[in-house]
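With numbering that gives the first Met the number 0, letter number 49 in the first sequence gets 48, and the count goes up by one each step, no holes. No residue lacks a Cβ here, since even glycine has one placed at the ideal position from N, Cα and C.
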Amino acid sequence: MPTKYDPRDTETKWYPYWTEQSYFEAEGSGKKEPFTIVIPPPNVTGRLHLGHAWDTTLQDILSRLKRMQGYDTLWLPGMDHAGIATQAKVEGRLKEEGMDRHELGRERFLEKTWEWKEEYAEFIRQQWAKLGLSLDYSRERFTLDEGLSTAVREVFVSLYNKGLIYRGQYIINWDPDTQTALSDIEVDYKDVQGHFYHMKYPLKDGSGHIEVATTRPETMLGDTAVAVHPEDERYNHLIGQTVVLPVIGREIEIIADEYVDMEFGSGAVKITPAHDPNDFEMGNRHNLERILVMDESGTMNKNAARYQGLDRFECRTQLVKDLQEDGVLFEIEAHEHSVGHSERSGAVVEPYLSTQWFVKMKPLAEQAVNLQNQEEKVHFVPDRFEKTYLHWLENIRDWCISRQLWWGHRIPAWYHKETKEMHVGHTAPSNPEEWEQDEDVLDTWFSSALWPFSTMGWPDREDSDFQLFYPTNVLVTGYDIIFFWVSRMIFQGLEFTGQRPFKDVLIHGLVRDAEGRKMSKSLGNGVDPMDVIDQYGADALRFFLATGTTPGNDLRFHWEKIEANWNFANKIWNASRFALMNMGNLAYEDMDLNGDKTIADRWILTRLEETIRDVTRLMDNYEFGEVGRLLYNFIWDDVCDWYIEMAKLPLYGDDEAARHTTRSVLAHVLEQTMRLLHPIMPFITEEIWQHLPHDGSSITVAKWPAADESRMDPESVEDVDLLKHVIRSVRNTRAEMNVAPSKEIDLQMKPQNDDVQKRLERGRTYLKRFSNSGQLTIDPALKVPEKSVSHVLSGAELYMPLAGLIDLEEEIARLEKEKEKLDKEVERVQKKLENEGFIQKAPENVVAEEREKEKDYMEKREKVTARIQELKA
RNA sequence: GAGCCGUUAGUUCAGUGGGAGAACGCCUGCUUGACAGGCAGGAGGUCACUGGUUCGAAUCCAGUACGGCUCACCA
C-alpha cells in the first residue's frame, strides 16, 4: 500500500465489481422487509451538477445503510424527458446544422431527440457510477417509456372521465419564444422598472373623456370595455355610456364592477379580456367580446390595425409615440412592477387567451391537505416545509397541462375531422382516418407526478414491484421543487393508489458558491462534481455533501473543505496501513476479543460501541452532519491519536498473547468503523475492508454493526481519561518550558486515594512512554520535590523536577493564574448552590453534580494555594 | 402585504433549557519505527440587540435591526 491515498485507483476498481455482483439489485422476493427510494429523475439535457450530486449522495447513504441493515433495498434510477428543456437543446443543435424542426417534421425531430436522449442517458449513468451510487439499474425507467406512457394515459383518461380534466379557452401564461403555454409555477416574477401610461378615452357623445392607465399600452388595441366601481361617485353618471377606443375606433361601454379599486390610479380601468386574467373574469361577468391582438410569436395581428406585423414591444414604442401625438396619452409615470418571465426561455410571459387542457385542482388538493391530519401523513424533514406545502395547496389554481411541443406525452384526445366531436381514450377511435389527434403534449411534471408508482408497473396493480415496494419510504429532494413535484406526486398518488407515495420527504437546500451566491451559468461560478472527483475522489466529495449542513439548509461549496476531506481519507488510509503492517497475517477466524485486554483495548471497544449506537440513531434521524462529525472525531482522535499510539506498546512488545489480542481489537475496530463509514464513503471503506481480516465478499452487503451494551466498560473510560489528563499536563509543561519531547524527565505523582493510585499503576507503561519519563513515581506519601513544576488534577498532583529550567517567579505567576481560574469556578458554583430556588427546583442529579464540582474545585484550589505557599517560602 | 429561514471563534457551520463546540485558518515546537497533506502545544467568542418566562436562557416567548428565501398583489 502506498503512503498516500490515491482515490483514482480505488474508485475505478470497485464500481464494476459491485454491479457485476448485482449487489444493488433488489430481490423482490418478499422475504425481507422492503425499503424503497425513487431517484428524482434528472433531465436528459446535460451534465449532472453539484445539486444532483448532493441529492443522490443523501439517497445513496440511506440506501446503503438500509441494505446493510438487512432490508430488501430498492433504489430505483431513471431520467426525465424534460419536454421544453430537451426540445430546446435539440433545436439548438439543429440550428447549428442550419436546420429547423419544422423543416424536419415531427417524426424525424422525435427520432433526433431520442438519439439525444440515449447519448445523455449514457453520460448520466457514467456520472452516477463515478459518484458510487448504489442504483438498481435492472429497474431503470424513463418518463417516456412504454410503461410510463401507459400510466400517463390512464391518469389522463381517468381524470377526464371524473371531470377533473377539462379543455377550454382561458387566459394562460404564454411564452412567445418557445411558443407554448406554461403553468403558473413555471413563471418567474421579477420586479422591473417600467412605466405607467395614462390615457384619455373620449366619450362618444363628445361630452368629455375618461382616464385610464396601463403598464402594457399595446393591449389597448384589444380593449372591449372600461370599468369603474359601481359606488364611485365620480363615475356613476358615466356607467352605461360609450367611449370610442382611440386608434381602433371601436365603441366600447363603460361598465360597473366591484373588482375595480377606486383608490388605484384614476379609478377607471381599461378591460382587455383576451390579454389579462382579471379582465377575462370581468369579461365573463359582463359578456364582453374577447379580442386577441397578437399571434403566438408575440407579433401584432390584424386586430391591431396599422400595427399589424410589429413585435409586441416595437408596437408599444410606436403606439406610445402615436398616442402622445394624438393627445390620448398624456402622462408616462415611472412605475416598478412585477413582470412574469418564462422560467425556461426568460421571455416576458404574455397573458394570452388560448384553448388548453387543465386539471381541476380543488378536489385533488383537498385530499392532499386532509392527508396531513391523518396518522399516515407525509412527514417533511425538517417539518417547517409542511407549512409551505400546505399554504400552496390551499391557494392553488387549476393546472394548465397542455404544451405546444413535440417532445412529450401526446394528449390522448382525438377530434373528428368533420363533426368536431372529441374522443378521449387510451387509443384512437376505430376509424382513425376520420380523426386527428390533439397536436399538443402534456406538461413534463404531469408524468413526473406519477413517478413513484408508474415506475413500478402501475396501472397494473398486481405487478410484484408495485405490491412490494410501493409506497416508497423516503423522497429526497430540494426545497425548490416542492411545488413542482413533491406536491403533485402526493395528490396523484392519493388519487390513483389511495396511499401517500412516500412516508418521509427529506428536504435539502441549494449548493452555493463560497460567497453564498447561487451557482449559475451566467455567473460562471458553477463547479462540476466530476472535476471535484477527479481531483480529490468521490469519497471526499460525498463526505462534504453529507456533512456540510443540516437538513433544509443551503450548502456553500469550499474547495478547502473537499481537500480537508481528502486528508481525512488519507488519515484512514494510513491508519489502516499501520494496522495491516502490524497485523502479522491475522486471519478473520483467528481474531479473538476475549483475551486479556489492555485498558486501551477495553476503552476503544467501549468508544466503538458508543459510536455504533450514536451513528445508528443519527442516521435514522437523517442527521448526517452529526454522523460525519462523530466518525471523524472517533477515527482521528480516538483511534489514531490515542488508541494506535497506545497499541504500539503490545504490538512492538514480546508478549505474543498480548500482541494477538491487540491485533484482534485493532482489526475489529477498523473493520466495524469501515462499515459505519461505508454509506458515506463507499470506495475507501471497501478497499480497506477487503485488505483487513473480514468475512464476506463485499462491505456493501456486510451487516450494519449492532451496538452491544455488554461490551462497554465504563471503568476503562475513567482510566483512559485520567491518563489523558496526566499526559496532557506533561506535554503542556514541556511545550511551555521548551523541554524537547526527546529529552527524558522525571514524573512524580501523588494520588489522593487508592482508587486513583490503582488507575495510575494500571496505566504506568502508557504514562512512561507518553511522558518520556526516565523515572516515574506513584506514591501517596510523595515528598514534594523542590524546584519542580506542579499540576493539580482531580485526584492527583503531579510534579516534574526540572531544576535549572524553572524560573521561580514565573512558576508562581502561572500557579496564581491557575488559582484565579479556580476561584472563579468556585464562586460560580457556590453562587448557584446558595440559591434556594436552585436547590429546591433543579433536578436532584443537577444539584448533586454541582456539589461534586464544588468539592473538586475547592480541593484543587487548596492544593494550588499550598503549592504557591511552598514556593514562596 | 403574508409567511419562513438565518444572525455563535478570522472563515464555514454544529449545538437548541443546567460549566461556549468542531473543521479550516492563525501562532509555537517536533525528520516521535502509519501519515510533515502529519504529531504535540496554544491563542481566539458580552452566542445580533431589547424585554419577558424560569432557580437557571446561546437555547423558550415577544419585539427590534440586519441578511436571505417563498408566496400573493401590482389597471
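Ranked by Cα distance from D174, the options Q240, V347 and T2 are led by V347. Take the alpha-carbon of T476 and the one of H507: they are about 6 Å apart. Per DSSP, the continuous beta strand (DSSP E) segment holding T179 begins and ends at T179 to L181. Counting the other Cβ atoms within 10 Å of the Cβ of N737 gives fewer than 16, which makes it exposed. Uninterrupted alpha helix (DSSP H) stretches at least 4 residues long and entirely within the segment 130-208 occur at 145-160, given in chain order. A distance of 8 Å or more separates the beta carbons of M67 and W558. Rounded to the nearest whole angstrom, the C-alpha separation of R305 and K359 is 40 Å. For S447, there is no enclosing beta strand (DSSP E); the residue is part of the alpha helix (DSSP H) that begins and ends at T443 to S447. Using a Cβ-Cβ distance cut-off of 8 Å, the segment 322-330 and the segment 363-371 are not in contact, since fewer than three pairs of beta carbons, one from each stretch, lie closer than that value. A666 is positioned such that its CB atom lies closer than 8 Å to that of M582. Distance check between K3 and each of R166, T610, G193 and N566 places N566 closest, using alpha-carbon atoms only. The DSSP assignment places 655-676 and 681-690 as complete runs of the alpha helix (DSSP H) inside the segment 650-701, in order along the chain (cut-off: 4 residues). 8 Å or more divides the Cβ of R311 from the Cβ of T177. Membership of L801 in any alpha helix (DSSP H) is not indicated, and neither H nor E is assigned to it by DSSP.
Bounds of the alpha helix (DSSP H) holding S715 are P713 to E735. Secondary structure note for D745: its beta strand (DSSP E) is the uninterrupted segment I744 to P750.
Contact between K782 and L775 does not hold, since the beta-carbon distance rounds to 16 Å and is not under 8 Å. The beta carbon of I171 sits closer than 7 Å to the beta carbons of A180, Y351, S353, Q355 and C399 from its chain, once the five residues preceding and following it are set aside; these are given in chain order.
If you draw a straight line from the Cα of T546 to the Cα of E685, it comes to about 20 Å.
Within the same chain, no residue comes within 6 Å of T11 by CB-CB distance, once the 5 residues on both sides are set aside. For D503, the enclosing beta strand (DSSP E) starts and ends at F501 to H507.
Each of M799, D806 and Q751 was checked against the Cα of I726, and the nearest Cα belongs to M799.
Taking each of H208, L804 and P40 in turn and checking the Cα distance to P245, the smallest one comes out for H208. Runs of the alpha helix (DSSP H) spanning 4 or more residues and lying entirely within the segment 254-307 occur at 276-285, in chain order.
A Cβ-Cβ distance of about 5 Å is found for the pair N300 and D294, placing them in contact under the 8 Å criterion. If you look at E849, you'll find it isn't in any beta strand (DSSP E); it sits in the alpha helix (DSSP H) that goes E843 to K871.
DSSP, read as helix, strand or coil, puts H228 in coil. Assignment of beta strand (DSSP E) within the segment 806-834, counting only whole runs of 3 or more residues, yields no such run. Rounded to the nearest angstrom, the gap between the Cα atoms of N369 and K376 is 9 Å. Counting along the chain, P6 sits inside the alpha helix (DSSP H) bounded by residues P6 to E19. DSSP places N369 in the uninterrupted alpha helix (DSSP H) bounded by M360 to L370.
It is roughly 55 Å from the alpha-carbon of Q20 to the alpha-carbon of H415.
In its chain, beyond the 5 residues on either side, A545, F623, P678 and I679 have a beta carbon closer than 7 Å to the beta carbon of I60. The segment 44-61 makes contact with the segment 537-544: 3 or more CB pairs, one atom from each, lie closer than 8 Å. The beta carbon of P784 sits closer than 7 Å to the beta carbons of Q747, Y798 and P800 from its chain, once the five residues preceding and following it are set aside; these are given in chain order. Within the same chain, and ignoring the five residues on either side of T672 in sequence, the residues whose Cβ sits closer than 8 Å to its Cβ are L607, T610, L630, F633, I634 and V638.
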